[in-house]
Amino acid sequence: MSLAPAPGGAERASTGGHIVPRHVAIIMDGNGRWAEQRGLPRVAGHRAGAEAVRRAMQAAVDNGVKVLTLYAFSSENWRRSDEEIADLTGLMRFYLERELGSLQKEGVRLKLIGDHSAFGKDLVERLERAVERTASNDRLTLVVALNYGSRAELVAAAAQLAKRAVAGEIAAEAIDENAIAQELQTRDLPQLDLLIRTSGEVRLSNFLLWQAAYAELLFLDVLWPDFGEAEFEAALSQFALRQRRFGGR
Ligand code: FPP
Numbered sequence: 011m012s013l014a015p016a017p018g019g020a021e022r023a024s025t026g027g028h029i030v031p032r033h034v035a036i037i038m039d040g041n042g043r044w045a046e047q048r049g050l051p052r053v054a055g056h057r058a059g060a061e062a063v064r065r066a067m068q069a070a071v072d073n074g075v076k077v078l079t080l081y082a083f084s085s086e087n088w089r090r091s092d093e094e095i096a097d098l099t100g101l102m103r104f105y106l107e108r109e110l111g112s113l114q115k116e117g118v119r120l121k122l123i124g125d126h127s128a129f130g131k132d133l134v135e136r137l138e139r140a141v142e143r144t145a146s147n148d149r150l151t152l153v154v155a156l157n158y159g160s161r162a163e164l165v166a167a168a169a170q171l172a173k174r175a176v177a178g179e180i181a182a183e184a185i186d187e188n189a190i191a192q193e194l195q196t197r198d199l200p201q202l203d204l205l206i207r208t209s210g211e212v213r214l215s216n217f218l219l220w221q222a223a224y225a226e227l228l229f230l231d232v233l234w235p236d237f238g239e240a241e242f243e244a245a246l247s248q249f250a251l252r253q254r255r256f257g258g259r
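Going by my numbering, the sequence shown opens with residue 11, and the numbers climb by one from there.
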């Protein structure tokens with residue numbers, strides 16, 4: 011049986027000698043509460059949250075993180091009101107347009123996971139255009155999870171492997187951790203090193219369940235719109251302090 015690649019290689023020393031996670035993922039939570047605390051509509055929280063996305067991306071670039079994966083819209087978010095969904099998709103359209111220049115300037119490649127085809131035609135086209143235009147950038151890969159759910163991703167991987175086994179392309183016995191990892195939408199990304207959730211909630215909410223197997227988890231009390239470079243760097247310092255053993259000693 012072959013195991014998925016050992017996660018230990020997925021980090022390296024920064025110029026300052028700290029261990030820097032290569033792949034950081036964030037569950038951006040707390041936009042609604044941030045707005046509520048200020049007596050503002052929820053959309054104001056999402057707008058402030060989008061500014062925090064910009065800061066997180068810049069902090070990732072500045073600190074030498076290679077992959078930043080953000081949970082922007084879960085497959086469960088469709089349960090929100092039509093108005094809030096329209097606000098969120100409208101914001102994504104607006105920021106895609108506004109930020110494409112800075113993605114290019116900073117050398118950021120955009121990658122999508124989840125099923126973005128469920129969004130309106132205009133947003134889908136803009137997303138795909140941004141992915142194409144940034145395809146050759148290599149300083150940071152910004153992975154945006156849209157209409158993403160980890161269980162659905164695993165179900166799709168299992169179904170694909172079953173299909174290939176039935177077609178005689180692979181033996182059932184050949185289905186191991188690597189075979190599953192290769193069917194996931196993250197197949198071309200380094201192992202997840204650090205998973206952060208803001209807003210004080212302590213759960214994974216169907217995000218990167220397989221990929222988080224050996225990741226360090228960090229749950230922060232800060233609401234997402236208040237997350238900036240300083241919080242990002244503090245999270246990197248926390249990561250550097252943790253001793254990672256991957257089940258060994
Ligand atoms: C959680 O806050 C956040 C979201 C559901 C969506 C995240 C979206 C953004 C940060 C804005 C747009 C994104 C991009 C990529 C430009 P919540 O509404 O669940 O907060 P609450 O739990 O306090 O109500």
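All C-beta atoms, glycine included, are put in the ideal place defined by N, C-alpha and C.
Residue i Cβ short of 6 Å to ligand 1 heavy atom set
| i | result |
| --- | --- |
| ASP8 | What the structure shows of the chain is the stretch from 11 to 259, and residue 8 is not part of that stretch, so it cannot be assessed. |
| HIS33 | no |
| VAL77 | no |
| HIS56 | yes |
| TYR158 | no |
| GLY178 | no |
| MET67 | no |
| GLY124 | no |
| ARG7 | Past the boundaries of the shown model lies residue 7; the chain is included only from 11 to 259, so the question cannot be answered. |
| ARG108 | no |
| LEU101 | yes |
| ARG119 | no |
| ALA166 | no |
| GLY74 | no |
| ALA60 | yes |
| VAL63 | yes |
| GLY111 | no |
| ARG43 | yes |
| ALA82 | yes |
Classification of residue i by the beta-carbon crowding that lies within 10 angstroms, buried from 16 upward
| i | result |
| --- | --- |
| ARG207 | buried |
| TRP44 | buried |
| ARG139 | exposed |
| GLU163 | buried |
| ASP72 | exposed |
| GLY210 | exposed |
| PHE237 | buried |
| GLN47 | exposed |
Residues near residue i by beta carbon distance below 6 Å, same chain, minus five either side
| i | result |
| --- | --- |
| ILE180 | ARG174 |
| PRO31 | GLU21, ASP203, LEU204 and PHE249 |
For residue j and residue i, believed in contact at Cβ under 8 Å, the rounded distance
| i | j | result |
| --- | --- | --- |
| ALA115 | THR151 | Note that residue 115 is Lys in the sequence shown here, rather than Ala. Actually they are not in contact, since the Cβ atoms of LYS115 and THR151 sit about 16 Å apart, beyond 8 Å. |
| THR196 | GLN221 | 6 Å |
| GLY59 | MET38 | 6 Å |
| ARG161 | GLY117 | Going by Cβ atoms, the distance from ARG161 to GLY117 rounds to 34 Å, so no, they are not a contact pair. |
| LEU204 | GLU226 | 5 Å |
| GLU243 | VAL232 | About 13 Å; that fails the 8 Å criterion. |
| ASP97 | VAL63 | Actually they do not touch by this definition, with Cβ atoms about 15 Å apart. |
Sequence-distant residues of its chain with Cβ nearer than 7 Å to residue i (five each side left out)
| i | result |
| --- | --- |
| ALA248 | A small correction: the amino acid at residue 248 is Gln; Ala does not occupy that position in the sequence shown. Correct list, in chain order: LEU228. |
| ILE123 | VAL153, ALA155, TYR158, GLN195 and THR196 |
| LEU101 | HIS56, ARG57 and ALA60 |
| GLU193 | ALA167, GLN170 and LEU171 |
Beta-carbon proximity list for residue i, same chain, < 8 Å, skipping 5 on both sides
| i | result |
| --- | --- |
| VAL134 | HIS126 and SER127 |
| ALA245 | VAL34, LEU204, ILE206, LEU228 and LEU230 |
Only counting runs of 3 or more residues, tell me where the beta strand (DSSP E) segments fall wholly within the stretch 180-230, in order along the chain. 204-207 and 226-229
Counting only runs that start and end within the stretch 49-95, where is the alpha helix (DSSP H) found for 4 or more residues in a row? For the stretch 49-95, the full-length alpha helix (DSSP H) segments reaching 4 residues or more read 52-72 along the chain.
Please list the segments of the alpha helix (DSSP H) lying wholly inside the stretch 80-165, counting only runs of 4 or more residues, in order along the chain. Fully contained in the stretch 80-165 are the following alpha helix (DSSP H) runs of length 4 or more, in chain order: 92-116 and 131-143.
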